[in-house]
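Chemist:
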Amino acid sequence: MKAVLMTAAGNPEVLQLQEVPKPSPQPTEILVQLKAAGINPIDTKLRQRGTFYPDKMPAIIGCDGAGIVEAIGAEVTKFRVGDEVYFCNGGLGGHQGNYAEYTTIDEKFAAKKPTSVSFAEAAAAPLVLITAWEALYDRGRLEPGEKVLIHAGAGGVGHVAIQLAKLKGAMVATTVRSSDKISFVRQLGADQVINSQQTDFVQAALNWTNGEGVGLLFDTIGGEIFSQSFPAVRVYGDIVTILEPDANTIWKVARNRNLRISLELMLTPMLQGMVEVQQYHGEILEQCASWMDRGELKIHVSHEFPLSDAAKAHQLLESGSMTGKIVLLIDN
């Protein structure tokens, strides 16, 4: 089969299209003929710095995939040949990723693809959906009627976080960095849009909440934005970040406001071999598929590339300020 191999850590040119053996499913696995693979920031970071398993090189990266079940293991009961599926699995340097024509995955970790969306939209969805779900619902304990501020609402994680927060019955404010993204996030359901290039987002959040601060702030940017966000959160409120806080972070405001700080990394179950949590991720995707098929949740794909142009897709993602997601289309 054709696959894009990461031949070494480095610039996008280390991604090379090559022929590799087609995998075979184990007893509880399904063999998926991939039709699309999502591109995520973790892919570019692994390519730049090296994978979590440096002794297993070259590697096929790419956590997100969608395709058609071509074969099933002897113990598989959840899927049949011909089923359309989507999932977040592999791609960290251990289990094979999804920049390829075929992959295998344990049946517990996959979900049936929403029937109403394309393979490209399905492949763009899993990592960002699971990340936003865990950040808002599990880490942030979001409640109906609560006010939440989501940073970078037009981005991959941000644009689904807005929708998941609205599905929970929350009031949503979001930051964007350019005026051309305002209408996009409003269409997703944002109640308040803050252009952070023109407006102090902390003051805007305080004005929106009558000086109290939001109950939950979801940080998808990191860096200085994380600590700058502390005064925008109400006393005893929550802040969840998907980035590692900087070593120089000054925590005084967070401590004085008694904030609950949570870290979100949806890759933890894969890295730790936590099968039950990975199965929970599959259940999240099942619920999100239902919402997508009811038209209550949408995935925005901004760019599509053929598998052979994986390097170009990485270059685009690294250029910054993306709206929605980038996807590789796999023609097989």
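Using UniProt numbering, read the sequence shown as starting at 1 and increasing by one per residue. Virtual Cβ for every residue (Gly too), placed ideally from N, Cα, C.
(1) Out of SER229, GLU244, LEU243, point me to the one whose CA is closest to GLY237's CA.
(2) GLY73 and LEU34 - do their beta-carbons sit closer together than 8 Å?
(3) Measure the alpha-carbon distance for residue 333 versus LEU285 and round it to whole angstroms.
(4) By the three-class DSSP mapping on this structure, what secondary structure does ASP43 have?
(5) For the putative contact between ARG47 and ILE60, defined by C-beta atoms under 8 Å, what is the C-beta separation to the nearest angstrom?
(6) Could you have a look at PHE79 and say whether DSSP puts it in helix, strand or coil?
(7) Taking the Cβ atom as the reference point for each residue, do ALA3 and ALA111 lie within a distance shorter than 8 Å?
(8) If you count every other CB in all the chains shown that lies within 10 Å of the CB of ILE250, and 16 or more means buried, which is it?
(9) Can you name, in chain order, every residue of its own chain whose Cβ lies under 6 Å from the Cβ of LEU243, other than the five neighbours on each side?
(10) Hey, out of HIS159, GLY145, PRO144, whose CA is closest to HIS151's CA?
(11) So for ALA170, helix, strand or coil by DSSP?
(12) For a quick check, are the C-beta atoms of ALA154 and VAL117 less than 8 Å apart?
(13) Tell me which residue opens and which closes the alpha helix (DSSP H) that CYS288 is part of.
(14) Would you tell me roughly how many angstroms separate the C-alpha atoms of THR115 and PHE87, rounded to the nearest one?
(15) Roughly how many angstroms lie between the CA atoms of VAL81 and ASP200, to the nearest whole one?
(16) What does the Cβ neighbour count give for THR51, buried or exposed, with the cut at 16 atoms within 10 Å?
(17) Do VAL32 and ILE105 count as a contact pair if the criterion is CB distance below 8 Å?
(18) Would you call the stretch 162-179 in contact with the stretch 190-205, where contact means no fewer than 3 C-beta pairs closer than 8 Å?
(19) Suppose only complete runs of 3+ residues qualify. What are the beta strand (DSSP E) ranges in the stretch 122-197, listed by chain order?
(20) Please classify MET6: does DSSP put it in a helix, a strand, or coil?
(21) Are at least three pairs of beta-carbons, each pair with one atom in the stretch 254-269 and one in the stretch 121-136, less than 8 Å apart?
Modeler: For this structure:
(1) Within the sequence shown, the letter at position 237 stands for residue 237. The candidate whose alpha carbon is nearest that of GLY237 is SER229.
(2) Position 34 of the sequence shown, counted from the first residue, corresponds to residue 34. Position 73 of the sequence shown, counted from the first residue, corresponds to residue 73. For LEU34 and GLY73, no; Cβs fall outside 8 Å.
(3) A question about residue 333 goes unanswered here, because the residues of the chain that appear run from 1 up to 332.
(4) Counting from one through the sequence shown, the residue named residue 43 turns up at place 43. Of the three classes helix, strand and coil, the one that applies to ASP43 here is helix, per DSSP.
(5) Numbered from its first residue, the sequence shown carries residue 47 at position 47. Numbered from its first residue, the sequence shown carries residue 60 at position 60. Not really, about 12 Å apart at Cβ, beyond 8 Å.
(6) Residue numbering aside, residue 79 sits at position 79 when the sequence shown is read from its first letter. The answer is coil: DSSP assigns PHE79 none of H, G, I, E or B.
(7) Mapped onto the sequence shown, residue 3 falls at position 3. Mapped onto the sequence shown, residue 111 falls at position 111. No. Outside cutoff.
(8) Along the sequence shown, read from residue 1 onward, the residue named residue 250 stands at position 250. Per the 10 Å Cβ criterion, exposed.
(9) As a first step, residue 243 is located in the sequence shown; it is residue number 243 there, counting from the start. For LEU243, where only same-chain residues beyond five positions count, the Cβ hits under 6 Å are GLY222.
(10) As a position in the sequence shown, residue 151 is number 151, starting the count at 1. Ranking the options by Cα distance to HIS151, first place goes to HIS159.
(11) Position 170 of the sequence shown, counted from the first residue, corresponds to residue 170. Note: ALA170 maps to coil in three-state DSSP.
(12) For the purposes of this step, residue 154 is taken as residue 154 along the sequence shown, with counting starting at 1. For the purposes of this step, residue 117 is taken as residue 117 along the sequence shown, with counting starting at 1. No.
(13) Counted from its first residue, the sequence shown places residue 288 at position 288. Segment 275-293, the alpha helix (DSSP H) holding CYS288.
(14) For this step, residue 115 is matched to residue 115 along the sequence shown. For this step, residue 87 is matched to residue 87 along the sequence shown. Cα to Cα, the separation comes out at about 15 Å.
(15) On the sequence shown, residue 81 is found 81 positions in, with the first residue counted as 1. On the sequence shown, residue 200 is found 200 positions in, with the first residue counted as 1. If I take the Cα positions, the gap works out to 53 Å.
(16) Along the sequence shown, read from residue 1 onward, the residue named residue 51 stands at position 51. By the 10 Å Cβ count, THR51 comes out buried.
(17) Mapped onto the sequence shown, residue 105 falls at position 105. Mapped onto the sequence shown, residue 32 falls at position 32. The answer is yes: Cβ separation under 8 Å.
(18) yes
(19) 147-150, 171-176, 192-195
(20) On the sequence shown, position 6 is the one that residue 6 refers to. Correct three-state label for MET6: strand.
(21) yes
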